[in-house]
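Here the structure comes first, spelled out in structure tokens, and everything after it is commentary.
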Amino acid sequence: SSNIIAIVGRPNVGKSTLFNRLIGHRKAIMDNESGVTRDRSYGHGQWIGKYFTVIDTGGYVHGSDDIFEEEINKQVELAIKEADVILFMVDVDAGLTGLDEEFANVLRRSDKPVYIVANKADTTARAHQMSEFYSLGVGEEIYPVSSQNGSGTGELLDAVVKHF
Ligand code: GDP
Ligand code: MG
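Each number in the UniProt record's numbering corresponds to the 1-based position in the sequence shown with 1 added.
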């Protein structure tokens with residue numbers, strides 16, 4: 002296995018922040034350097050001696066909250082095709098949105114393991130708000146994390162690398 006983790010989710014939930022944390026200080030490789038596409042970047046990281054590649058999706062909506070069904074399908078289908086584990090990121094501060102439900106609907110087609118990452122759980126009170134995302138009805142488990150301060154990311158990685 003090539004140990005590929007894909008991070009998907011609507012704009013501004015914190016995908017790129019988690020991506021940067023998972024790859025540490027290693028340089029991310031934008032695949033638009035090859036001139037092929039412009040919508041994702043790849044980086045490399047490791048956890049307890051297991052090496053992996055992370056794909057950050059959704060760069061094509063950079064600086065915008067607008068995302069369309071076609072882009073959701075494209076982003077999720079790429080993840081389903083390329084990844085071994087999919088991280089579906091949501092935002093506990095903003096709460097559950099219609100766009101999150103659209104992502105969940107497409108992710109249901111995946112036979113790859115999906116974990117919901119309830120991001121922006123910077124405090125314990127906020128972490129408790131993750132429970133509303135169980136209604137999405139997708140994924141094996143929900144992990145509350147703060148991609149900003151790093152809390153919860155160790156527990157998430159422990160679960161993810163079990164697939165590698
Ligand atoms: P993306 O569009 O999903 O890639 O989201 P970004 O990584 O660009 O983050 C969107 C915004 O959320 C930025 O202002 C981040 O600083 C902020 N953010 C990301 N992770 C966290 C977090 O764990 N807690 C808080 N409070 N803000 C976060
Ligand atoms: Mg981003």
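Note that beta-carbon positions come from the ideal geometry of N, C-alpha and C, so glycine has one too.
Buried or exposed by the 16-neighbour rule on C-beta atoms within 10 Å, applied to residue i
{"i": "G99", "result": "exposed"}
{"i": "F69", "result": "exposed"}
{"i": "G155", "result": "exposed"}
{"i": "A84", "result": "buried"}
{"i": "D101", "result": "buried"}
{"i": "G64", "result": "With a pLDDT of 48 at G64, under the threshold of 50, the predicted position of this residue should be treated as unreliable, and no value is reported."}
{"i": "N150", "result": "exposed"}
{"i": "A128", "result": "buried"}
{"i": "N33", "result": "With a pLDDT of 47 at N33, under the threshold of 50, the modelled position of this residue cannot be trusted, and the question is left open."}
{"i": "R11", "result": "buried"}
{"i": "T54", "result": "buried"}
Same chain, Cβ closer than 7 angstroms to residue i, five either side skipped, listed in chain order
{"i": "D57", "result": "I8, K16, S17, F20, R41, S42"}
{"i": "G25", "result": "G46"}
{"i": "V14", "result": "M90, V91, D92, N120"}
Span of the alpha helix (DSSP H), counted from its first residue to its last, around residue i
{"i": "A7", "result": "Careful: A7 lies outside any alpha helix (DSSP H), inside the beta strand (DSSP E) at 5-9."}
{"i": "I73", "result": "70-83"}
{"i": "F20", "result": "16-23"}
{"i": "G155", "result": "154-162"}
8 angstroms Cβ shell around residue i - same chain, five flanking residues per side excluded
{"i": "V37", "result": "Residue placement at V37 is poorly supported in this model, since its pLDDT is 42, which falls under 50; the coordinates are not used for a value here."}
{"i": "L97", "result": "V91, E133, F134, S136, L137"}
{"i": "Y116", "result": "V86, I87, L88, F89, G140, E141, E142, I143, Y144, L157, A160, V161"}
First and last residue of the uninterrupted beta strand (DSSP E) at residue i
{"i": "S132", "result": "Run containing S132: none; DSSP gives neither H nor E here."}
{"i": "G44", "result": "41-48"}
{"i": "F53", "result": "51-58"}
Near the ligand HEM: residue i beta-carbon under 8 angstroms from a heavy atom
{"i": "G96", "result": "Summarising the ligand content, the structure contains the ligand GDP and the ligand MG and does not contain the ligand HEM."}
Cβ shell of residue i (< 6 angstroms), same chain only, five flanking positions each side left out
{"i": "E71", "result": "none"}
query: Enumerated in chain order, which unbroken segments of the beta strand (DSSP E) with a length of 3 residues or greater are wholly contained in the region 87-147?
result: 115-120, 142-145
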